[in-house]
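Undergrad:
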Amino acid sequence: MIHGNVMAMKKVLIVLLFLTGFHAVSGQDKIVTRKSRFVNFTELGVLLGNAYQITNSSGYSSPVLSKTSFSVQTFNGLRLIPNLAAGITVGIDWLGKYQILPISAGLRKTFGLEKSNRVKAFLGLDAGYGFTWLNDEIPWQTIKGSINISPAAGLMIPTGGDAFITVSAGYKHNELTITQGTDNIYGQTSVNNNRYDRMSIRIGVSF
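917 is the number that the numbering used here gives the last residue of the sequence shown; the numbers go up by one with no jumps.
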């Protein structure tokens with residue numbers, strides 16, 4: 711009879727652990743199981759700030775009127791050590807009438823216990839190249855991207871499982887070089903370098 715009760719209690723304990731995760735002693739963090747090394751941050755948000763245009767004729771930098779831009783990105787990586795993951799970040803930045811497709815190497819650093827189910831801080835850093843494949847081809851015009859950099863800091867808010875809601879603020883640098891030619895006999899061309907240095911505000915999900 712005692713043996714039967716022990717076995718029943720073990721089964722109940724296994725079910726409870728599966729449903730609610732492991733618990734430390736009172737006052738410590740709630741623990742959830744995380745078997746996978748895979749890490750994902752998927753975020754959308756806005757880019758705030760001016761664009762600056764540098765012309766080839768004078769080298770003069772002037773602000774270009776630009777509305778708030780929309781941005782979306784996803785980071786997929788693997789944990790190298792607890793609380794640090796490295797991977798690839800792919801996204802789209804809508805900058806006025808142009809679209810940039812940044813493909814970057816990325817790092818994500820979280821703070822606190824890896825298996826903690828409390829609010830945690832995180833840092834992100836992405837650096838790569840912004841491609842222009844999504845822009846329409848126009849005769850006599852070429853559009854080239856450049857290096858992009860995006861550091862950010864934010865909070866990870868637990869949802870009760872392995873996923874977190876993320877809120878972050880950061881900085882995003884993009885550049886576009888637009889070469890506009892003509893079909894006249896003089897073969898004149900103009901080259902404009904648009905530089906975007908903007909604040910990013912994002913919300914998303916991580917698991």
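Heads up, the beta-carbon is just placed ideally off N, CA and C, and yes, glycines get one too.
As the structure is a computational prediction, the values presented were derived from the model and not from experiment.
1) Could you tell me if Phe751 is buried or exposed, where buried requires 16 or more neighbouring beta carbons within 10 angstroms of its beta carbon?
2) Less than 7 Å between C-beta atoms, sequence neighbours within five positions excluded: which residues of the same chain meet that for Asp907?
3) Within 10 angstroms of the Cβ of Asp803, are there 16 or more other Cβ atoms? Answer buried if so, exposed if not.
4) Mapping DSSP to helix, strand and coil, what is Glu847?
5) Can you tell which of Ile875, Leu757, Glu885 has the C-alpha that lies nearest to the C-alpha of Arg828?
6) Based on DSSP bridge pairs, tell me the residues matched to Ser779.
7) Looking at the structure shown, is Arg828 part of a helix, part of a strand, or coil, going by DSSP?
8) Of all the options Gly787, Val756, Phe832, which has the alpha carbon lying nearest to the alpha carbon of Leu805?
9) What does the alpha-carbon distance come out to for the pair Gly801 and Glu753?
10) Measure the C-alpha to C-alpha separation of Asn786 and Gln898 and round it to an integer number of angstroms.
11) I'd like to check one pair, Tyr881 with Ile857: are the Cβ atoms closer than 9 Å?
12) Work out the CA separation of Gly870 and Ser846 for me, nearest whole Å.
13) Quick one: what does DSSP say Ala815 is sitting in, helix, strand or coil?
14) Grouping DSSP H, G and I as helix and E and B as strand, with all else coil, what is Asn793?
15) Roughly how many whole angstroms lie between the Cα atoms of Asn904 and Ile853?
16) Of all the options Ile867, Pro812, Ala831, Val877, which has the alpha carbon lying nearest to the alpha carbon of Leu844?
17) Assign Asp872 to one of three DSSP states: helix, strand, or coil.
18) By a C-beta neighbour count over all protein chains shown, 10 Å radius and 16 as the cutoff for buried, is Phe821 buried or exposed?
19) Do you know how far the Cα of Ser779 is from the Cα of Ile848?
20) Can you tell me which of the three DSSP states Thr842 falls into?
21) Considering only the beta carbon of each residue, do Ser826 and Ser910 sit closer than 9 Å?
TA: The relevant details are as follows:
1) By the 10 Å Cβ count, Phe751 comes out buried.
2) Gly759, His883
3) buried
4) coil
5) Ile875
6) Leu757
7) coil
8) Val756
9) Rounded to whole angstroms, Gly801 to Glu753 spans 9 Å at the Cα level.
10) 45 Å
11) no
12) At residue 846 the sequence reads Asp, which differs from the Ser that was named. As the crow flies, the alpha-carbon of Asp846 is around 44 Å from that of Gly870.
13) It is a strand residue.
14) In this structure, Asn793 counts as coil in the three-state DSSP scheme.
15) Using only the alpha carbons, I get a separation of about 11 Å.
16) Pro812
17) coil
18) exposed
19) 23 Å
20) In the displayed model, Thr842 falls within coil according to three-state DSSP, outside both helix and strand.
21) no
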